[in-house]
Amino acid sequence: MYPLDKCPLAPSDWAAKDIAFERGEDLQGLNEELTWREIIMAIRRMRRNTAPGKDGVHVNILKQLVREECMKQLEVMNPNRVRLDHTFVDLPEEELPEEPLTAMGRAIFKILKAT
Numbered sequence: 083m084y085p086l087d088k089c090p091l092a093p094s095d096w097a098a099k100d101i102a103f104e105r106g107e108d109l110q111g112l113n114e115e116l117t118w119r120e121i122i123m124a125i126r127r128m129r130r131n132t133a134p135g136k137d138g139v140h141v142n143i144l145k146q147l148v149r150e151e152c153m154k155q156l157e158v159m160n161p162n163r164v165r166l167d168h169t170f171v172d173l174p175e176e177e178l179p180e181e182p183l184t185a186m187g188r189a190i191f192k193i194l195k196a197t
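Quick note: the sequence shown uses my numbering, first residue 83, plus one each step.
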């Protein structure tokens, strides 16, 4: 490791540099709170049958959560609808619930918002 005074670029050199992001527009909204729809859409983009992450939660469990949230939203939109066994509907993004509707969804959302 270089001593600070022998470093190729000392902190004073960095201060004079103009560092610009080429993709700065992608960073807008980075510090805003997560929405439930964003979380559902992120889960939808995950690949099935992959190894669980550090948290030990398998992607297929999260995918099933999204299915149940969609089905619950259908019940909210149409209370007289009868759900057939083994039938699932993937709602478009604009029709996804804004808040979690299932107990598991509420638990996951609470954990994600706390981190």
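Every residue, glycine too, gets a C-beta built ideally from N, C-alpha and C.
From a predicted model like this one, the values you see are computed outputs, not experimental measurements.
Query: Candidates Met153, Glu115, Glu176, of which the one nearest Asp167 by Cα; Result: Met153
Query: Straight-line Cα distance separating Phe170 from Ala196; Result: 30 Å
Query: Closest by C-alpha distance to Leu144, when choosing among Leu116, Ser94, Met186, Val158; Result: Met186
Query: Met128 - DSSP class collapsed to helix/strand/coil; Result: coil
Query: Residues near Arg126 by beta carbon distance below 7 Å, same chain, minus five either side; Result: Val148
Query: Three-state secondary structure (DSSP) of Lys136; Result: coil
Query: Beta-carbon spacing of Glu151, Pro182 below 8 Å; Result: yes
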